[in-house]
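First comes the structure, then the notes that go with it.
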Amino acid sequence: MSKKDRKSTGIYNYIVKRAAGFIAHTGVMTTGRWIYFGAIVGVISAVCAMLFALSLKFTGFIFLETIAGIKTSSLGMMIFEEGYKKWLILVVPAFGGLVSGWLTTKFAPDAKGHGTDYVIKSFHKNAGNIFLRVPVVKIIATAFVIGTGGSAGREGPIAQIGAGFASVLARFMKLNDREKRLLIMAGAAGGIAAIFGAPLGGAIFAAEVLYRNHELEAEVILPSIISSIVAFSIFRSVMGIERLFSIGSVSFSSAYELIPYTILGVGCAVAGIVFVKLFNRVKTAFNGYNKISVIFKPALGGFLLGVMALYLPGVLGGGYQYMQMAFDGSIPVLLMFLLAAGKMVSTSLTIGSGGSGGIFAPSLFIGAMTGGAIGGVLRYMLPPGWMPPEAAFIAVGMGGLFACVARVPLASLIMVSEMTRGYDLLVPMMLVSVIAFLLNRKPYTVYDEQVNGLVDSPAHRGDFEMDVLEDIIVTPDIIEKGAVVLPRRAPIKKAIDTAMNSKQGIFPVIDQKDGGRVVGVFSLQDIKEYLLESGLGEEALVEDITQHNFIRIHIGDRLHSVVDKFTANDVDALPVIDEKTGMLMGMFSRDGLIKLYNKKLIALSLRKSKAGNMPAGQ
Numbered sequence: 194m195s196k197k198d199r200k201s202t203g204i205y206n207y208i209v210k211r212a213a214g215f216i217a218h219t220g221v222m223t224t225g226r227w228i229y230f231g232a233i234v235g236v237i238s239a240v241c242a243m244l245f246a247l248s249l250k251f252t253g254f255i256f257l258e259t260i261a262g263i264k265t266s267s268l269g270m271m272i273f274e275e276g277y278k279k280w281l282i283l284v285v286p287a288f289g290g291l292v293s294g295w296l297t298t299k300f301a302p303d304a305k306g307h308g309t310d311y312v313i314k315s316f317h318k319n320a321g322n323i324f325l326r327v328p329v330v331k332i333i334a335t336a337f338v339i340g341t342g343g344s345a346g347r348e349g350p351i352a353q354i355g356a357g358f359a360s361v362l363a364r365f366m367k368l369n370d371r372e373k374r375l376l377i378m379a380g381a382a383g384g385i386a387a388i389f390g391a392p393l394g395g396a397i398f399a400a401e402v403l404y405r406n407h408e409l410e411a412e413v414i415l416p417s418i419i420s421s422i423v424a425f426s427i428f429r430s431v432m433g434i435e436r437l438f439s440i441g442s443v444s445f446s447s448a449y450e451l452i453p454y455t456i457l458g459v460g461c462a463v464a465g466i467v468f469v470k471l472f473n474r475v476k477t478a479f480n481g482y483n484k485i486s487v488i489f490k491p492a493l494g495g496f497l498l499g500v501m502a503l504y505l506p507g508v509l510g511g512g513y514q515y516m517q518m519a520f521d522g523s524i525p526v527l528l529m530f531l532l533a534a535g536k537m538v539s540t541s542l543t544i545g546s547g548g549s550g551g552i553f554a555p556s557l558f559i560g561a562m563t564g565g566a567i568g569g570v571l572r573y574m575l576p577p578g579w580m581p582p583e584a585a586f587i588a589v590g591m592g593g594l595f596a597c598v599a600r601v602p603l604a605s606l607i608m609v610s611e612m613t614r615g616y617d618l619l620v621p622m623m624l625v626s627v628i629a630f631l632l633n634r635k636p637y638t639v640y641d642e643q644v645n646g647l648v649d650s651p652a653h654r655g656d657f658e659m660d661v662l663e664d665i666i667v668t669p670d671i672i673e674k675g676a677v678v679l680p681r682r683a684p685i686k687k688a689i690d691t692a693m694n695s696k697q698g699i700f701p702v703i704d705q706k707d708g709g710r711v712v713g714v715f716s717l718q719d720i721k722e723y724l725l726e727s728g729l730g731e732e733a734l735v736e737d738i739t740q741h742n743f744i745r746i747h748i749g750d751r752l753h754s755v756v757d758k759f760t761a762n763d764v765d766a767l768p769v770i771d772e773k774t775g776m777l778m779g780m781f782s783r784d785g786l787i788k789l790y791n792k793k794l795i796a797l798s799l800r801k802s803k804a805g806n807m808p809a810g811q
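Written as structure tokens, this is what we have:
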């Protein structure tokens, strides 16, 4: 290390230590500490957001404007611009993917993909720990992907960047695991608030994105709000105010409009599910393709994106210009359908191949085009007084689709309202977001690391087990009897009929020749995957879809281990198997676990209440 570097490090350490001393001296460690911590993280997030935004502008200017002759300020019209070097669009995104793949593979594999998923994983499983190299590499890798036209957004990267630097600060301050978790989410919120101009939406997003079901991480909200306010204010003061969209004067004016908005909610759910399934399939295909190095996979994704862009240029970049064109009524209905489908494919290629970029902007794009296309069709089918303006349908579609694919209905409607200034559309946006969220019942999500709820998070394991589940074991009286089972030699059509007409999620499979011993399980998902891959043959049997290596519970197991099994496996119930005979004794459901927890908690509270009311001396 040079003398200059040692001096810089010494100054940095001095400043941070003085800040830590001030916090301790002022008593923040016990009262109002999160105002201080949130503000510090907000400053850091704002600086990160500014560096990130400048890096995107720089790479965009170099690769798209200077080399390819594409005006980055008008990506929507680039295919028609004079001086545009058509063949370079095959090379430039591939080069960006190559640089991103090399950086992430060599220096920080955790910086691959869209970033938000890694932040969620860090919260649930890594105690809020993110190494410094991850956000540093994320800035550079994402700049090369987006700056070369990659079909990706800024939300995921800036969330990971802000969270990463917040984690470094938390470790330097020697905060505990719980505090580190809260601080990384505050960092993510601050970064999103700054980049997208959505301070409230950023804070709510940080609290909501951790879970698939409608649950919030309440403790995250306060530090996230403080961080968002500070980051938003600093970023806007330095970088200026830039509205992403101008949608004109639109509002919700008639109850009749709820009818087409309801149809839009269904459409957003369908489009969202298709997008997530396609995204996951492409990602799985790239992960399983071992004929080329991991370094070159994002380059392949970038090349395929370039091929698409030759015929459908709107698939490049975040697509904000095309969204504004849709608001202005400049895109035909058929082209909107094509753009929505094309963006699903291009984003899957860019991020699914391992490229570094976010999922938020592409989701908004798909939602906008879906909303505009559905609105354009309904305009010819419904009475004139029932249809809202086209711009309203587009804005509401943006919020509805992101609510579906990210499992964040509340954050979605707030963020889109802040970005479009479409506050008069809150009512229809609430309706569409909730419909799209609820119809996605699987649920399909772009964030694999989300868990179902608080009880499933390793971060809250102690909250649900301490003093309540500590000494409880699985007994015959707490399991559910009468489970539906199927013989392994039964026709698969019987399995389909049984699964479609049963509320049961997991179906034990037995071997009748072995006295009814359980040999495996299957679910509706197993049936679906089998049909998609192999088709339905007349000779197909239940054993063809049976998972033989399955998770099971035994009488006498402690609920500590049962909670771990539910946490590690996304299932609604687990079979209880006799350890000696292998016979099915019943099923133990996630709902049963929660009910048991609630009963024990109430009993514990009553005991404590009675103890507190005992006369003195007893």
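Per the working numbering, the very first residue in the sequence shown carries number 194; after that it's consecutive.
Just so it is clear, CB atoms sit at the ideal spot from N, CA and C, and this is done for glycine as well.
Look at the alpha carbon of residue i and the alpha carbon of residue j, and state the distance between them as a whole number of angstroms.
| i | j | result |
| --- | --- | --- |
| residue 301 | residue 778 | 47 angstroms |
| residue 477 | residue 748 | 37 angstroms |
| residue 405 | residue 439 | 32 angstroms |
| residue 531 | residue 352 | 30 angstroms |
| residue 349 | residue 543 | 14 angstroms |
| residue 328 | residue 538 | 27 angstroms |
| residue 732 | residue 746 | 32 angstroms |
| residue 471 | residue 714 | 26 angstroms |
| residue 670 | residue 751 | 15 angstroms |
| residue 240 | residue 766 | 46 angstroms |
| residue 189 | residue 509 | What the structure shows of the chain is the stretch from 194 to 811, and residue 189 is not part of that stretch, so it cannot be assessed. |
| residue 361 | residue 413 | 18 angstroms |
| residue 634 | residue 682 | 30 angstroms |
| residue 709 | residue 741 | 15 angstroms |
| residue 575 | residue 520 | 21 angstroms |
| residue 465 | residue 594 | 6 angstroms |
Let me know if residue i comes out buried or exposed under the rule of 16 or more other beta-carbons within 10 Å of its beta-carbon.
| i | result |
| --- | --- |
| residue 578 | exposed |
| residue 255 | exposed |
| residue 148 | Any answer about residue 148 is impossible in this case: the structure gives the chain only from 194 up to 811. |
| residue 480 | exposed |
| residue 446 | exposed |
| residue 643 | buried |
| residue 419 | buried |
| residue 435 | exposed |
| residue 626 | buried |
How about residue i and residue j: do their beta carbons lie closer than 8 angstroms?
| i | j | result |
| --- | --- | --- |
| residue 238 | residue 357 | no |
| residue 334 | residue 296 | yes |
| residue 612 | residue 389 | yes |
| residue 549 | residue 304 | yes |
| residue 636 | residue 450 | no |
| residue 424 | residue 646 | no |
| residue 462 | residue 374 | no |
| residue 552 | residue 536 | no |
| residue 312 | residue 381 | yes |
| residue 243 | residue 432 | yes |
| residue 421 | residue 332 | no |
| residue 711 | residue 651 | no |
| residue 672 | residue 781 | yes |
| residue 400 | residue 391 | no |
| residue 744 | residue 758 | yes |
| residue 282 | residue 503 | yes |
| residue 692 | residue 724 | no |
| residue 629 | residue 596 | yes |
| residue 812 | residue 428 | One cannot answer for residue 812 here, as it falls past the ends of the chain, which runs 194 to 811. |
| residue 584 | residue 443 | yes |
| residue 604 | residue 469 | no |
With DSSP run on the structure shown, which of helix, strand or coil describes residue i?
| i | result |
| --- | --- |
| residue 740 | strand |
| residue 444 | coil |
| residue 766 | strand |
| residue 715 | strand |
| residue 417 | helix |
| residue 366 | coil |
| residue 404 | strand |
| residue 734 | strand |
>> Counting beta carbon pairs with one atom in the stretch 330–346 and one in the stretch 285–299, are three or more of them shorter than 8 angstroms?
In response: yes
> Counting Cβ pairs, one atom from each stretch, are 3 or more of them under 8 angstroms apart for the stretch 784–793 and the stretch 678–685?
Replying inline: no
> Within the chosen definition, does the stretch 512–519 reach the stretch 448–460 through at least 3 CB pairs nearer than 8 angstroms?
Replying inline: no
> Taking one C-beta from the stretch 399–417 and one from the stretch 598–608 each time, how about it: are there three or more such pairs within less than 8 angstroms?
Replying inline: yes
> Is it true that the stretch 550–568 meets the stretch 490–501, where meeting means three or more beta-carbon pairs spaced less than 8 angstroms apart?
Replying inline: no
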